[in-house]
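Colleague:
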Amino acid sequence: MSDQSNEVVRDTIVLITGVVLVTSTIWLPVDGNTGVSGAILILGMLSAGTALWAMSSASRSSHWAHVVLGVALAFSPLILAFPADLLVTDMFAIVGGVLIALLGVLGVVSSTRRAPESSRVVASSFSQPAARDRVGS
14 MSDQSNEVVR
24 DTIVLITGVV
34 LVTSTIWLPV
44 DGNTGVSGAI
54 LILGMLSAGT
64 ALWAMSSASR
74 SSHWAHVVLG
84 VALAFSPLIL
94 AFPADLLVTD
104 MFAIVGGVLI
114 ALLGVLGVVS
124 STRRAPESSR
134 VVASSFSQPA
144 ARDRVGS
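14 is the number of the first residue of the sequence shown in the numbering used here; add one for each residue after it.
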């Protein structure tokens, strides 16, 4: 597969993961804890949004956004102190976060590998005189 198709596949997986996280807030057992479902909802929406951003522009910033969001999602049960009885919700956040962060790291690595070949030096030649210089001679 080409680099561009690999990037589209990675961004599509991040988009699907974000959509699954957003829709999972409907049926995940959070026992009325709106903070937990809100955190997963917001991080899922941000992940889906950055995936759409990455699809529209092949920038390295979008890959770094995936890394940051994935790490935030993976550590959200610890940082936000999810209640201990929400193991399924914890696993959803951790697995989704690790997947998004991993795909972001793969994107950063592949775009770093491509960077040197995109910087080309264009040399110009001044060996031929301009048209008006030739007319006057």
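Glycine residues also receive a C-beta, built at the ideal position from the N, C-alpha and C atoms.
Can you name the start and end residues of the alpha helix (DSSP H) that Ala-67 belongs to?
Modeller: Mapped onto the sequence shown, residue 67 falls at position 54. Element bounds for Ala-67: 47-69.
Colleague: Distance check for Leu-100 and Gly-45, CA to CA, integer angstroms please.
Modeller: For this step, residue 45 is matched to residue 32 along the sequence shown. For this step, residue 100 is matched to residue 87 along the sequence shown. Straight-line Cα distance between these residues: approximately 15 Å.
Colleague: DSSP three-state label for Pro-42, please.
Modeller: Your numbering for residue 42 matches position 29 in the sequence shown. The answer is coil: DSSP assigns Pro-42 none of H, G, I, E or B.
Colleague: Under 8 Å, do Val-35 and Leu-65 count as touching if we go by C-beta distance?
Modeller: Taking the sequence shown and counting its residues from 1, the one referred to as residue 35 is at position 22. Taking the sequence shown and counting its residues from 1, the one referred to as residue 65 is at position 52. No, Cβ-Cβ distance for Val-35 and Leu-65 is not below 8 Å.
Colleague: Rounded to the nearest angstrom, how far is the Cβ of Ala-114 from that of His-79, given a contact under 8 Å?
Modeller: Within the sequence shown, residue 114 is the residue found at index 101, counting from 1. Within the sequence shown, residue 79 is the residue found at index 66, counting from 1. 7 Å between Cβ atoms; contact.
Colleague: Using alpha carbons as the reference points, say which of Ala-87, Gly-120, Asp-98, Gly-57 lies closest to Ser-37.
Modeller: Here residue 37 is taken as the residue at index 24 of the sequence shown, counted from 1. Ser-37 has its Cα closest to that of Gly-57, out of Ala-87, Gly-120, Asp-98, Gly-57.
Colleague: Rounded to whole angstroms, what is the Cα-Cα separation between Phe-105 and Thr-125?
Modeller: What you label residue 105 is simply residue 92 of the sequence shown in a count that begins at 1. What you label residue 125 is simply residue 112 of the sequence shown in a count that begins at 1. Those two C-alpha atoms are separated by around 30 Å.
Colleague: Among the candidates Gly-31, Gly-62, Ile-29, Ser-50, whose CA atom is the shortest distance from the CA of Ile-39?
Modeller: The residue labelled residue 39 in the question sits at position 26 within the sequence shown. Nearest of Gly-31, Gly-62, Ile-29, Ser-50 to Ile-39, Cα basis: Ser-50.
Colleague: What ranges does the beta strand (DSSP E) occupy inside the region 79-110, keeping only unbroken runs of at least 3 residues that lie completely in it?
Modeller: Segments of the beta strand (DSSP E) lying fully in the region 79-110: there are none.
Colleague: DSSP three-state label for Ser-15, please.
Modeller: Your numbering for residue 15 matches position 2 in the sequence shown. In this structure, Ser-15 counts as coil in the three-state DSSP scheme.
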